[in-house]
Amino acid sequence: MTRPRFQRILLKLSGEVLMGSGQFGIDPDTVARVAREIAAAREAGHELCVVVGGGNIFRGLAAAEVGFERATADYMGMLATVMNALAVQNALEQIGVDTRVQSAIPMASVCEPFIRRRAERHLEKGRVVIFAAGVGSPFFTTDSGAALRAAEMKCDAIFKGTSVDGVYDADPKKVPGAKRYDEIDFGTVLSRDLKIMDASAIALCRDNNIPIVVFNIREQGNLARVLAGEGTATIVRNGE
Ligand code: UDP
Numbered sequence: 672m673t674r675p676r677f678q679r680i681l682l683k684l685s686g687e688v689l690m691g692s693g694q695f696g697i698d699p700d701t702v703a704r705v706a707r708e709i710a711a712a713r714e715a716g717h718e719l720c721v722v723v724g725g726g727n728i729f730r731g732l733a734a735a736e737v738g739f740e741r742a743t744a745d746y747m748g749m750l751a752t753v754m755n756a757l758a759v760q761n762a763l764e765q766i767g768v769d770t771r772v773q774s775a776i777p778m779a780s781v782c783e784p785f786i787r788r789r790a791e792r793h794l795e796k797g798r799v800v801i802f803a804a805g806v807g808s809p810f811f812t813t814d815s816g817a818a819l820r821a822a823e824m825k826c827d828a829i830f831k832g833t834s835v836d837g838v839y840d841a842d843p844k845k846v847p848g849a850k851r852y853d854e855i856d857f858g859t860v861l862s863r864d865l866k867i868m869d870a871s872a873i874a875l876c877r878d879n880n881i882p883i884v885v886f887n888i889r890e891q892g893n894l895a896r897v898l899a900g901e902g903t904a905t906i907v908r909n910g911e
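Counting in the working numbering, the sequence shown runs from 672 upward without gaps.
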């Protein structure tokens, strides 16, 4: 498979990626490792936007199922993403990578508010920009936040870091012999309900022609490898 070179990318990290082998919260070693992946990608000349999830701390939908009011629970989930964003920023700064966090919910003493032109300037200066709080509204997810920011920031692709090396026709952890796709189009992902990102995020990527590269972020050095067109991954894009 040949993958195009993507210059400006948006890396989507789910909260689960940050908890390492734990069941909850932030694992410092894992965050440090993810930061090294980001630093290597930047050193290879890529511009990086990062969107972090919050599922390792709080999920609105799960909280609503046990009695929380949904909108309130979602705001709590968005606050969790800000904690994760600060953790990633901290890890990046510890290895000398200049970083800014921008939140969709303004939080003046903690981080910058999301301002597209300002984010653009940070990228031009070689900074990594971490977008927190999703789209800033309840009833959405950080997948939608990733698709929205990728469109606004004119990213060439979304890189979705997961714990598997691509998109399969069935769950490879449950179904032996599940087949991995090298490439698949958005329509097939939606019609087969393949769980890559939620449907609204997939539709936004399809409509704005933003490919999604699904890869395993748990493997050391993999982000840089996949960015260089090597290594195993699945690219989701519009068909010819
Ligand atoms: N959330 C929200 N609006 C957004 C983004 C996130 O309400 O635009 C809330 C929602 O409750 C969600 C939680 O924040 O469950 C954490 O985000 P997400 O589930 O997307 O995190 P991930 O699965 O990537 O860890």
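Ideal Cβ positions, reconstructed from N, Cα and C, are used throughout, including at glycine.
Contact annotation: Ala-762 and Ala-821 have beta-carbon atoms that are not nearer than 8 angstroms. Taking a contact to require three or more Cβ pairs closer than 8 angstroms, the stretch 776-794 and the stretch 812-819 do not qualify as touching. Taking a C-beta distance under 8 angstroms as the contact criterion, Ile-888 and Thr-812 do not qualify as a contact pair. Between the ligand UDP and Glu-740, a heavy atom-to-CB distance of less than 7 angstroms is absent. Val-759 sits close to Val-723, with the two beta carbons spaced by under 8 angstroms. Look at the beta carbons and you see the stretch 707-718 touching the stretch 674-692: at least three pairs across the two are nearer than 8 angstroms.
Distances taken from the Cβ of Leu-732 to the heavy atoms of the ligand UDP include one shorter than 7 angstroms. For the pair of segments examined, the stretch 785-805 was found not to touch the stretch 846-860: the number of CB pairs separated by less than 8 angstroms stays below three. In this structure, DSSP gives Asn-887 an extended state, which the three-state scheme calls strand. Bounds of any beta strand (DSSP E) do not take in Ala-841, whose DSSP letter is neither H nor E. In this structure, the ligand UDP has no non-hydrogen atom nearer than 7 angstroms to the beta-carbon of Thr-859.
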